[in-house]
Amino acid sequence: MTLSAQDFSFVSTLVRKEASIVLAPGKEYLVEARLIPVARQLGAASVGAFLADLQRRPNTAHQRRIVDALTTNETSWFRDREPFTALTDVVLPELVRCRGAQRRLRLWSAASSSGQEAYSLAITLTECLPVGWSYEIMGSDISTEMVKRAEEAEYSQVEVNRGLPATQLVQYFERSGAHWRVAPSLRRNVSFKLMNLTTPLPPMPPFDVIFLRNVLIYFDVATKKEVLRNVARLLRPDGWLFLGAAETTIGIDDNYERVAAGRTSAYRIRTAAPNGAARRG
Amino acid sequence: MSRMRAMVIDDSRAMRMILKRIVSKLNFEVVEAGDGQEALDLLATMNEVPELALIDWNMPNMNGLEFVTKVRAETRLREMTLVMVTTESEQSQIVRALAAGAHEYVIKPFTEGAMIEKLALLGLVPTGANS
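The listed protein sequences correspond, in order, to chains A and B.
To convert, take the position in the first sequence, counting from 1, and add 692; that gives our numbering.
To convert, take the position in the second sequence, counting from 1, and add 121; that gives our numbering.
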């Protein structure tokens, strides 16, 4: 579904007035992608229904949610930092010890949105892997438009300001008109696929690390279970899963155990049955 | 803990106001200067050097790049964290500023969140101050 012209005009006028941000025509997909979780959280059947209701009955709090969704929640580079620090300090050193024979790692940025997380992972691996190692990163998203944007790898000035150190901007990006494009040296290691995490996933080789952050919060428990089950099949037995700070597998899927990873936590497949599992069986 | 100090150096009063508002919210004490020379003159009178300077590039009297170069050459000012905040967006300009000694570079226009994230990268505000 794409936003109607009237809905888009309503949102762009609101965001312009409240946050001085101009949403040019063509950004309908962005507006919709950002408003899906808001509409769900507020109990609306769809983004269209949410906006129609709001236009009929103005609600300041809901308008604020729209502005927030389109501004402060913008995807950043190295978002939240800690998972990337954990990757550098804990996960990659261990994987380098264990994968000496292959010297190749596979990572998955599930729900990759416009690609910043996948390319942030690529920068991290480029800087941290020993000489002679290679890596492959797959990003996936449910939105065709987002997959297309991520593949294009072009970001505005505003977007490259978000969390990307200037040294890495000049090292891993090149100017493309008024925008910045991820350099080919990173792009050739990163690919994107259209994927719905709640449906059976296509067969793929397993991953050493999966970033599945800020995705589960939007799902009900049954869907969370389904997504975690799907993801577990694609995580190597000694692989690492990173969730968002407000997410956990605890109480949802006992096949994972939470482990410390630097100053944050990650999840790994349990090597033995969880406590009590044998008795339950 | 005593408040950290930030110096906002920009010839645009409106831009100084925007930056002042952002760093004040982060509990910085703010001093303002309209160009690089005024900033250096002000620094010479200060007993305690500000922890942070947000610096425009194009200003009269002394531009931001010259200011960065002069600050880096002065031992007393060594601890200042220097962030360029400018419309200059060419890759070569960013490289020049970093080579001269700027720690970070924010391209105008920027959002408040972007500025806070940059300051978090520099360890001047806690990670997550933006959330």
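Ideal placement from N, C-alpha and C gives every residue a C-beta, glycine not left out.
Using the rule of at least 16 other Cβ atoms within 10 Å of the residue's Cβ for burial, across every protein chain shown, is residue i buried or exposed?
{"i": "A/ALA741", "result": "exposed"}
{"i": "A/THR941", "result": "buried"}
{"i": "A/GLU866", "result": "exposed"}
{"i": "B/MET167", "result": "exposed"}
{"i": "B/THR207", "result": "buried"}
{"i": "B/THR196", "result": "exposed"}
{"i": "A/GLN698", "result": "exposed"}
{"i": "A/LYS709", "result": "exposed"}
{"i": "A/SER801", "result": "buried"}
{"i": "A/LEU886", "result": "exposed"}
{"i": "B/GLU169", "result": "exposed"}
{"i": "A/VAL913", "result": "exposed"}
{"i": "A/THR694", "result": "exposed"}
{"i": "A/GLY792", "result": "exposed"}
{"i": "A/THR705", "result": "exposed"}
{"i": "A/GLU724", "result": "buried"}
{"i": "B/ASP162", "result": "exposed"}
{"i": "B/SER252", "result": "With a pLDDT of only 47 at B/SER252, under 50, the local geometry of the prediction cannot be trusted, and no value is derived from it."}
{"i": "A/SER848", "result": "exposed"}
{"i": "A/GLY931", "result": "buried"}
Please name the residue in the options whose C-alpha comes closest to that of residue i.
{"i": "A/ALA761", "options": "A/LEU722, A/GLY824, A/ALA716", "result": "A/LEU722"}
{"i": "B/MET125", "options": "B/LEU147, B/MET138, B/ASP132", "result": "B/LEU147"}
{"i": "A/LEU784", "options": "A/PRO717, A/SER826, A/GLN747", "result": "A/SER826"}
{"i": "A/SER877", "options": "A/ILE815, A/ARG960, A/VAL951, A/LEU893", "result": "A/ILE815"}
{"i": "B/ALA127", "options": "B/ARG217, B/GLU209, B/LEU164, B/MET180", "result": "B/LEU164"}
{"i": "A/ALA858", "options": "B/MET138, B/ALA223, B/ARG199, B/MET201", "result": "B/ALA223"}
{"i": "B/ALA154", "options": "B/MET236, B/PRO181, B/GLU200, B/LYS191", "result": "B/PRO181"}
{"i": "A/THR956", "options": "A/ASP946, A/PHE934, A/ARG962, A/ALA845", "result": "A/PHE934"}
{"i": "A/TYR948", "options": "A/ALA793, A/ALA778, A/VAL788, A/ILE961", "result": "A/ILE961"}
{"i": "A/GLU846", "options": "A/HIS754, A/GLU828, A/GLN808", "result": "A/GLN808"}
{"i": "A/LEU813", "options": "A/VAL823, A/GLY824, A/MET830, A/PHE700", "result": "A/MET830"}
{"i": "A/ARG873", "options": "A/SER696, A/GLN755, A/GLU843, A/ASP900", "result": "A/GLU843"}
{"i": "A/PRO892", "options": "A/ALA875, A/SER804, A/THR915", "result": "A/THR915"}
{"i": "A/PRO717", "options": "A/ILE728, A/VAL703, A/GLU786, A/THR780", "result": "A/VAL703"}
{"i": "B/LEU198", "options": "B/ARG134, B/ILE143, B/ARG142, B/ALA160", "result": "B/ALA160"}
{"i": "B/ASP156", "options": "B/PHE231, B/PHE188, B/GLN212, B/ALA235", "result": "B/PHE188"}
{"i": "B/VAL216", "options": "A/PHE700, A/ARG925, A/LEU861", "result": "A/LEU861"}
{"i": "A/ASP772", "options": "B/PRO247, B/ARG193, B/ARG137", "result": "B/PRO247"}
Under 7 angstroms Cβ-Cβ, which residues of chain B neighbour residue i?
{"i": "A/PRO775", "result": "Near A/PRO775 there are no residues of chain B at all, since even the closest Cβ is about 11 angstroms away, more than 7 angstroms."}
{"i": "A/LEU861", "result": "ILE215"}
Taking C-beta pairs closer than 8 angstroms, name the residues in chain B that residue i reaches, listed in chain order.
{"i": "A/ASN906", "result": "Chain B residues near A/ASN906: none, gap ~11 angstroms exceeds 8 angstroms."}
DSSP on residue i, reduced to helix/strand/coil?
{"i": "A/LEU878", "result": "helix"}
{"i": "A/LEU920", "result": "helix"}
{"i": "A/HIS754", "result": "helix"}
{"i": "A/THR816", "result": "helix"}
{"i": "A/ALA793", "result": "coil"}
{"i": "A/LEU734", "result": "coil"}
{"i": "A/ASP912", "result": "coil"}
{"i": "A/VAL783", "result": "helix"}
{"i": "A/ASP760", "result": "helix"}
{"i": "B/ASP162", "result": "helix"}
{"i": "B/GLY234", "result": "helix"}
{"i": "A/ASP833", "result": "strand"}
{"i": "B/SER145", "result": "helix"}
{"i": "A/ASP772", "result": "coil"}
{"i": "B/ILE215", "result": "helix"}
{"i": "A/LEU856", "result": "coil"}
{"i": "B/GLY185", "result": "helix"}
{"i": "A/ILE902", "result": "strand"}
{"i": "A/THR694", "result": "coil"}
{"i": "A/ARG873", "result": "strand"}
{"i": "B/GLU200", "result": "coil"}
{"i": "B/ARG137", "result": "helix"}
{"i": "A/LYS885", "result": "strand"}
{"i": "A/LEU799", "result": "strand"}
Could you name the residues of chain A that residue i contacts, counting a contact when the two beta carbons are closer than 9 angstroms?
{"i": "B/LEU219", "result": "ALA858, THR859, VAL862"}
{"i": "B/VAL227", "result": "ASN853, ALA858"}
{"i": "B/LEU186", "result": "Those within 9 angstroms of B/LEU186 in chain A number zero; the least Cβ separation is about 14 angstroms."}
{"i": "B/LEU203", "result": "Near B/LEU203 there are no residues of chain A at all, since even the closest Cβ is about 11 angstroms away, more than 9 angstroms."}
Report the neighbours of residue i on chain B: residues whose CB is nearer than 9 angstroms to its CB, in chain order.
{"i": "A/SER768", "result": "GLY234, ALA235, GLU238, ASN251"}
{"i": "A/ARG867", "result": "SER210, GLU211, GLN212"}
Check the DSSP bridge columns for residue i and list the partner residues they point to.
{"i": "A/ARG960", "result": "A/GLU949"}
{"i": "B/ILE130", "result": "B/ALA154, B/ILE176"}
{"i": "B/MET205", "result": "B/ILE176, B/TYR226"}
{"i": "A/PHE934", "result": "A/PHE903"}
{"i": "A/PHE742", "result": "Its beta-bridge partners do not exist; DSSP assigns none."}
Using a C-beta to C-beta distance shorter than 8 angstroms, which residues of chain A count as neighbours of residue i?
{"i": "B/PRO230", "result": "GLN849, VAL850"}
{"i": "B/LEU163", "result": "Ordered by position in chain A, no residue passes the 8 angstroms Cβ test against B/LEU163, which lies about 25 angstroms from the chain."}
{"i": "B/LEU147", "result": "Going along chain A, no residue has its Cβ under 8 angstroms from B/LEU147, so there is no contact; the nearest lies around 15 angstroms."}
{"i": "B/LEU245", "result": "Under the 8 angstroms cutoff, chain A gives no residues; its nearest Cβ is about 14 angstroms from B/LEU245."}
Run through chain E and tell me which residues come within less than 7 angstroms of residue i, C-beta to C-beta.
{"i": "B/LEU173", "result": "No chain E appears in this structure, whose protein chains are A and B."}
What residues of chain A sit near residue i, judged by a beta carbon separation below 7 angstroms?
{"i": "B/LEU198", "result": "The contacting residues do not exist; B/LEU198 stays about 20 angstroms from chain A at best."}
{"i": "B/LEU140", "result": "None at all; the shortest Cβ gap to chain A is about 14 angstroms."}
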